[in-house]
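All remarks here apply to the structure that follows.
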Amino acid sequence: MMASVMSVLGPIPEDRLGFTLPHEHLFTDLSCYWNGEPQADTGNVLFRQEVTLKNRNEVVLNPWSFKDNTILDDLDSALLETRAFMQYSGKSIVDCSPCREMGRNPQGLWKVSKATGVNVIMAAGRYTLPSMTEKDKSLSVEDLERQFVNEFLNGVNGSGIKPGFLKVGFVSKIDETAEIRSLRAAGRAQKKIGCALAVHPYIWKPVSHLILDMLEEEGCDLRRVILCHQDYLGNHTQYLDSLVKRGVYIEFDTFGCGMINDRMWQQSDQEKIAFVKKQIELNNEEYILISGDMCLKIMLSKWDGIGYVNIPKFVVPAMRAAGLNESAIQAITISNPQKAFCH
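If you count the sequence shown from 1, you need to add 308 to reach my numbering.
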């Protein structure tokens, strides 16, 4: 029997997945990372403004000071982006918002897929500590495992819309117990379900082996694990190679996000392509995924951002120009996502 993955409209056989963006956000809420209201005596009113084309340059430099920038909840914008992606042979989008606290919108995802014909794969799981309610923080590994598995069996909140993979965030502190419980619960749920498990790891230091150790302790199949945001450690070539040696996928998923802002520095797409080439030279072609992680308004075309077309329209031609052959590009954009998400 052909492997498949659950989409918001039902199971999709692997040969229908096609060109896939494995880490995006059609709907999301990252306001947990908003800088918050400034002190009254600063006169700073950025936090009150909606994102517009007029103030876009200011938002680019201060993306986390504009609360509106951190929330994607507009169906029309999601449809616009998805239809543009389709025009460049895009077939599938993986939405990495795994819970209500991160703005997961099962009905919205269903509407996008139904209206466009693009396969949309939804996540189950939890995000990082700042997004958790006090109740979330108190849940046991067993509680979380039951919650995750229930969504795969019965759908989200009685909607009948089911997730196709697990996603957890593990970024605050390597010893943060609430995030560790999420990780361990996801590892257990993966063992039961057999689906892919994407992990948003701590990106500032090479600590993912500790994450993999914990998942292994829970019986998780590391061949089903996707380590997100490895662009940030792209220069750690041998470290990334050591992760691949354990069977996991390494995901370079901030293409189109190169910028200097009030929170972090990100590499250019050309630098990320160079990271990909280094891993291909180490014979890791079958373990590489690429995406854009479009999660802020300024990243989307409605607000003059690059949008979901960046990978097929710009990155793939740039890969060819950099010397990647068609076999490698096909693996990274089509066959690797098939293997990663279908089971």
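Ideal Cβ positions, reconstructed from N, Cα and C, are used throughout, including at glycine.
Nothing here was measured: the structure is a model prediction, and the numbers come from that model.
Residues bridged to residue i [DSSP beta-bridge criterion]
i: Leu329; result: Ile401
i: Asp337; result: Ile379
i: Pro319; result: Met314
i: Phe560; result: Ile598
i: Leu535; result: Val507, Ile558
Where residue i falls, given that 16 or more other Cβ within 10 Å makes a residue buried
i: Ile568; result: In this prediction, Ile568 scores a pLDDT of 49, lower than 50, which makes its location untrustworthy; no coordinate-derived value is stated.
i: Ser421; result: buried
i: Pro625; result: exposed
i: His537; result: buried
i: Val630; result: Residue 630 is actually Ala in this sequence, not Val. Label assigned to Ala630: exposed.
i: Arg492; result: buried
i: Asn365; result: exposed
i: Asn618; result: buried
i: Glu593; result: buried
i: Gly472; result: buried
i: Glu459; result: buried
i: Arg356; result: exposed
i: Met310; result: exposed
i: Leu535; result: buried
i: Asp601; result: buried
i: Lys580; result: buried
i: Glu525; result: exposed
i: Glu442; result: exposed
i: Glu634; result: exposed
i: Leu632; result: buried
i: Cys369; result: Correcting the residue type first, residue 369 is Leu in the shown sequence and not Cys. Leu369 comes out exposed.
i: Leu461; result: exposed
Sequence-distant residues of its chain with Cβ nearer than 7 Å to residue i (five each side left out)
i: Thr424; result: Leu387, Thr390, Arg391, Met394
i: Leu590; result: Asp549
i: Phe583; result: Asp539, Gly542, Phe560
i: Glu367; result: Before going further, note that residue 367 is Val rather than Glu in the sequence given. Once the five neighbours on either side are set aside, the close Cβ partners of Val367 are Val359, Phe374, Asn377, Ile606.
i: Gln575; result: Asp539, Gly542, Gly566
i: Cys340; result: Pro438, Ser439
i: Phe456; result: Ala432, Gly433, Leu474, Ala493, Ala494, Ala497
i: Cys528; result: Gly495, Gln498, Lys499, Leu505
i: Lys586; result: Thr545
Residue i versus the options, residue with shortest Cα-Cα distance
i: Lys445; options: Lys499, Glu487, Ala494; result: Glu487
i: Cys603; options: Thr336, Asn591, Pro330, Lys500; result: Thr336
i: Val426; options: Pro414, Ser400, Arg408, Gln415; result: Ser400
i: Thr485; options: Phe460, Met440, Lys499; result: Met440
i: Asp381; options: Arg412, Trp372, Arg364; result: Arg412
i: Ile614; options: Ala497, Phe478, Phe563; result: Phe563
i: Leu551; options: Phe355, His517, Ile598; result: His517
i: Ile598; options: Gly502, Ile511, His331; result: His331
i: Trp418; options: Asp451, Glu409, Leu383; result: Leu383
i: Leu523; options: Leu608, Val556, Ile581; result: Val556
i: Trp372; options: Asn343, Ser397, Tyr396; result: Asn343
i: Gln638; options: Leu329, Leu317, Val402, Ser315; result: Leu329
i: Ser315; options: Asp521, Ile379, Val479, Val464; result: Val464
i: Phe478; options: Arg554, His508, Asn462; result: His508
i: Tyr435; options: Leu608, Glu453, Met410, Leu447; result: Met410
i: Lys500; options: Ser385, Glu453, Val402; result: Glu453
i: Ser385; options: Leu338, Leu334, Leu447; result: Leu334
i: Ile596; options: Arg408, Lys553, Ile379, Ile558; result: Ile558
Neighbourhood of residue i by C-beta, 8 Å cutoff - its chain only, sequence neighbours within 5 removed
i: Gln415; result: Ser467, Ile469
i: Leu325; result: Val313, Lys399, Ser400, Asn427, Ile642, Pro645, Gln646, Phe649, Cys650
i: Gln578; result: Ala626, Ala630
i: Trp512; result: Tyr540
i: Leu361; result: Trp611, Asp612
i: Arg531; result: Gly555, Val556
i: Pro319; result: Ser312, Val313
i: Leu317; result: Trp418, Ser421, Lys422, Asn427, Val428
Own chain partners of residue i with C-beta closer than 6 Å, once the 5 adjacent residues on each side are dropped
i: Lys475; result: Cys404, Pro406, Ala431, Gly433, Ala506
i: Tyr396; result: Val617, Pro620, Lys621
i: Val533; result: Leu505, Val556
i: His544; result: Pro514
i: Val449; result: Arg489, Arg492, Ala493
i: Ile293; result: In the structure as shown, the chain begins at 309 and stops at 651. Residue 293 is therefore absent and cannot be evaluated.
i: Asp323; result: none
i: Tyr510; result: Val479
i: Pro321; result: Met310, Ser312
Cutoff 8 Å: residue i Cβ touching any chain B Cβ
i: Ala423; result: No chain B appears in this structure, which consists of one protein chain only.
Query - Those runs of the beta strand (DSSP E) which lie wholly inside the segment 472-533 and span at least 3 residues - result: 473-478, 504-509
Requested in this report: Scan the segment 400-471 and note each continuous beta strand (DSSP E) run of 3 residues or more that stays entirely inside, going in chain order.
Outcome: 427-434
Requested in this report: Would you mind listing the alpha helix (DSSP H) stretches within the segment 611-638 that are 4+ residues and don't spill past its ends, in chain order?
Outcome: 624-629, 634-638
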